[in-house]
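Numbering (the UniProt record's numbering), first residue to last: 1 to 299. The beta carbon of each residue, even a glycine, is placed where N, CA and C say it ideally should be. Here the structure is a predicted model, which is why all the values come from computation and not from measurement. Working notes for the structure below.
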């Protein structure tokens, strides 16, 4: 009798645990389904139609929207703008890794400099856009500084000159996201066992050797992860160029073109196909990252 009661008690406790786990997971799962997967399914559905965003009965067009995107060079030509952000990604990662390495050692006012580097990432994209609009405008901060140091002849239309505007926008992106990469690198570097540094110092290793033979090998997966995130981000740039130039003067990106296709030209079905294609590209890049990272771990 006692054993039966104990068995029932154990079963009731197991069910209580299951109910507790279920109650904590059901709401996040429902939110994920409603706000992530359901919109994705609807977007795939719209991409197979000629929906203009208003009509109640859009026509089914099959894969025509995908054929239009893949065969029309005007849609993929904007990816050349992403090259500026792709190149800027490596400058961004280099700066972030440099400062993360320096501040991982004992440096005066280290917490202050950490805050300074991470602060731009906390700012809203709209705020950053307006800050740099003033920075780049004629007679603005950048022009004033150049005049002050005797480089007034180098003043350009930073956002109007097609030979320099994408570089200006990419620099803004670097300023904004360096803090995020810096924080990721810093966390990875600080997770390295301090005894490794002590042993290296005993063996006569200087800071450069510690960086080359201890830090880089220890955080190489994090470095590669940041590269993949940067590449994915360069493909889906939106807020900075949209706020600062509206995509004019050859600064449009694939995302901006997708938004314009949907809301300016009322081709929501075609824009949905463009979004699905971009999503597919980002997923492929992520899968490549996963495969390469796993191969590096097994090597």
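- Cα-Cα separation, residue 279 to residue 214: Computed Cα separation, rounded: 36 Å.
- Query: If you count every other CB in all the chains shown that lies within 10 Å of the CB of residue 290, and 16 or more means buried, which is it?
  - Reply: Exposed: under 16 other Cβ atoms inside 10 Å.
- Note down, in chain order, each residue of its chain lying with its Cβ closer than 8 Å to the Cβ of residue 2, except the 5 sequence neighbours on either side. The pLDDT assigned to residue 2 is 47, lower than 50, so where the model puts this residue is not dependable; a value taken from the coordinates is nonetheless given after this. The beta carbon of residue 2 lies closer than 8 Å to none in the same chain, with the five residues before and after it left out.
- Given that a residue counts as buried once 16 or more other Cβ atoms are within 10 Å of its Cβ, and exposed if not, what is residue 80? Classification of residue 80: exposed, given that the 10 Å Cβ count is below 16.
- Message: Along the chain, where does the alpha helix (DSSP H) containing residue 35 start, and where does it finish?
- Response: Boundaries cannot be given for residue 35, as no alpha helix (DSSP H) includes it and DSSP labels it neither H nor E.
- Query: Given a threshold of 16 other Cβ atoms within 10 Å of its Cβ, counted over all protein chains shown, does residue 56 qualify as buried or as exposed?
  - Reply: That one is exposed.
- Task: Check the Cβ-Cβ distances between residue 63 and every residue of chain C, and say whether any is below 8 Å.
- Result: Looking at the structure shown, chain C is missing, and only one protein chain is on hand.
- Item | Spatial neighbours of residue 256 in its chain, beta-carbon cut-off 7 Å, leaving aside the 5 residues before and after | Correct list, in chain order: 238, 241, 242, 247.
- Task: Compute the distance between the beta-carbons of residue 140 and residue 249, then report whether it is under 8 Å.
- Result: No, these two residues do not count as a Cβ contact at 8 Å.
- Grouping DSSP H, G and I as helix and E and B as strand, with all else coil, what is residue 4? The pLDDT assigned to residue 4 is 48, lower than 50, so where the model puts this residue is not dependable; a value taken from the coordinates is nonetheless given after this. Per DSSP, reduced to three states, the secondary structure at residue 4 is helical.
- Taking residue 189 as the reference, which of 244, 222, 135, 158 has the closest Cα? The residue with the shortest Cα to Cα distance from residue 189 is 222.
- Task: Out of 197, 209, 121, state which residue places its alpha-carbon closest to the alpha-carbon of residue 175.
- Result: When only C-alpha atoms are compared, the closest one is 121.
- Inspect the beta-carbon positions of residue 172 and residue 132 and report whether they are closer than 8 Å. The Cβ atoms of residue 172 and residue 132 lie closer than 8 Å to each other.
- Is the stretch 52-66 close to the stretch 254-274, with three or more CB pairs under 8 Å? Cβ pair count under 8 Å is three or more, so yes.
- Query: How long is the line joining the alpha carbons of residue 167 and residue 30, rounded to whole angstroms?
  - Reply: A straight-line Cα-Cα distance of about 42 Å links residue 167 and residue 30.
- Item | Alpha-carbon spacing of residue 146 relative to residue 123, whole angstroms | Residue 123 has its alpha-carbon roughly 26 Å from the corresponding atom of residue 146.
- What first and last residue would you give for the alpha helix (DSSP H) that runs through residue 80? 79-104 is the extent of the alpha helix (DSSP H) around residue 80.
- Item | C-alpha distance - residue 107 paired with residue 178, whole-angstrom precision | Near 20 Å, if we compare the C-alpha coordinates of residue 178 and residue 107.
- Query: Is the distance from the Cβ of residue 69 to the Cβ of residue 277 below 8 Å?
  - Reply: The beta carbons of residue 69 and residue 277 sit closer together than 8 Å.
- Query: For residue 302, which option in 164, 41, 182 has the closest C-alpha, if you only look at C-alpha atoms?
  - Reply: Here the chain has residues from 1 to 299 only, and residue 302 is not among them.
- Message: Quick check on the burial criterion: 16 or more other C-beta atoms within 10 angstroms. Buried or exposed for residue 82?
- Response: Residue 82 is buried by the Cβ-count criterion.
- Keeping to the same chain, check which residues put their C-beta closer than 7 Å to that of residue 231; ignore five residues upstream and five downstream. Excluding five sequence positions before and after residue 231, the CB atoms of its chain that fall closer than 7 Å to its own CB belong to 86, 89, 285, given in chain order.
- Query: From which residue to which residue does the alpha helix (DSSP H) around residue 250 run?
  - Reply: Note, residue 250: premise wrong, no alpha helix (DSSP H); not H, not E.
- Query: Is it true that the CB of residue 113 sits closer than 8 Å to the CB of residue 98?
  - Reply: Contact flag unset, no.
- Message: Looking at the secondary structure, which residues open and close the alpha helix (DSSP H) in which residue 114 lies?
- Response: Boundaries of the alpha helix (DSSP H) harbouring residue 114: 110-122, taken from the DSSP string.
- Should residue 185 and residue 110 be called a contact, given that it needs their Cβ atoms to be closer than 8 Å? Taking the C-beta atoms as reference points, residue 110 is found no nearer than 8 Å to residue 185.
- Query: Is DSSP giving residue 60 helix, strand or coil here?
  - Reply: Three-state DSSP puts residue 60 in a strand.
- Message: Considering only their Cβ atoms, is the gap separating residue 93 from residue 227 smaller than 8 Å?
- Response: Yes, the Cβ-Cβ distance between residue 227 and residue 93 is below 8 Å.
- Query: Hey, would you say residue 282 sits closer than 8 Å to residue 236, going by beta carbons?
  - Reply: Yes.
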